Amino acid sequence: VCGIAGLTLQVSVPMVLRRAIDVALDQRTGSLEAHVWTLVAIAGAAFSLRFAYRYLLFWAAYHIETDLRSTIYEHLTRLSFSFYDRVAAGEVISRANSDIRSIQLLLAFGPLAGLSMLSFVLAVGFMLSIHVPLTLLAVSTMPFVFVLGQRMRDLVFPLSWITQGRMAEVAMVVDENL
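This is the structure we're talking about:
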């Protein structure tokens, strides 16, 4: 609710600016001061709503992560010694930590990504209502950004697996030496 309300306020800023320019500057019939105070109020309210949204979102994500860690710890402590004879404990712990961290990041940043996509759709709709050719020109760069993002993902993703494997090796060495 806070995220949608903050997004709505954020998207309303260009409309207030358009009205301020049309009424206060072009037609010289209105006061610019009222529009400035409206923008200040919108900025303050949007900041407060976005802060509350992010705070609550990250609070929930970290609490879910803590619960998952506790559940996995309880499960790992109940496993038999023969299980740990067959499986490297360091690798199990490293994989569990990595998976839990991935879930926490999804819970924290997934809704933010969804809100960003909604913001993009609303912004493009607003831009189309103002000037279609200029909007199409601005949006025409998106395929290039997408391709660049895919290339970066293809480079970084294999490195994350290598890093996770090395972390498992370190955890295994620490586990065996303690």
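First residue of the sequence shown: 1, per full-length UniProt numbering; consecutive thereafter.
Cβ atoms here follow ideal geometry from the backbone N, Cα and C, with glycine treated the same way.
Being a predicted model, the structure only gives us computed values, none of them experimental.
* **chain D within 8 angstroms of residue 101, Cβ atoms only** => Looking for chain D here will not work: only one protein chain is present.
* To do: Sort 46, 13 and 64 by Cα distance to residue 6 and report the nearest one.
  => Residue 6 sits at position 6 when you count from the first residue of the sequence shown. The residue with the shortest Cα to Cα distance from residue 6 is 46.
* Quick one: is residue 150 buried, meaning 16 or more other Cβ sit within 10 Å of its Cβ, or exposed? -> As a first step, residue 150 must be located in the sequence shown, where it is residue number 150. Within 10 angstroms of the beta-carbon of residue 150 lie fewer than 16 other beta-carbons, which makes it exposed.
* Helix, strand or coil at residue 79 according to DSSP, with G and I counted as helix -> Within the sequence shown, numbered from 1, the residue matching residue 79 stands at position 79. In the structure shown, residue 79 sits in coil (DSSP, three-state: anything other than H, G, I, E or B).
* **Contacting residues, own chain, Cβ-Cβ under 6 angstroms from residue 94 (five flanking each side not counted)** => For the purposes of this step, residue 94 is taken as residue 94 along the sequence shown, with counting starting at 1. The residues are 167, 168 and 171.
* Spatially closest choice to residue 104 from 4, 65, 76 and 15, by CA coordinates -> Reading the sequence shown from its first residue, position 104 is the one you call residue 104. Considering only 4, 65, 76 and 15, the residue with the shortest C-alpha distance to residue 104 is 65.
* Asked: Where does residue 131 fall in DSSP's three states?
  -> Within the sequence shown, residue 131 is the residue found at index 131, counting from 1. Shown here, residue 131 sits in coil according to DSSP, grouped into three states, outside any helix or strand.
* Can you tell which of 108, 138, 141 and 113 has the C-alpha that lies nearest to the C-alpha of residue 60? -> Stepping through the sequence shown from its first residue, residue 60 is reached at position 60. The shortest C-alpha separation from residue 60 is found at 108.
* Asked: Touch check for the stretch 70 to 82 and the stretch 139 to 153: three-plus C-beta pairs under 8 angstroms?
  -> No, they do not touch.
* **Residue burial classification, residue 165 (beta-carbon count within 10 angstroms, cutoff 16)** => Counting from 1 along the sequence shown, the entry for residue 165 is found at position 165. Looking at its Cβ environment, which holds fewer than 16 other Cβ atoms inside 10 Å, residue 165 is exposed.
* How about residue 35 and residue 52: are their beta carbons less than 8 angstroms apart? -> For the purposes of this step, residue 35 is taken as residue 35 along the sequence shown, with counting starting at 1. For the purposes of this step, residue 52 is taken as residue 52 along the sequence shown, with counting starting at 1. Cβ atoms of residue 35 and residue 52: not closer than 8 angstroms.
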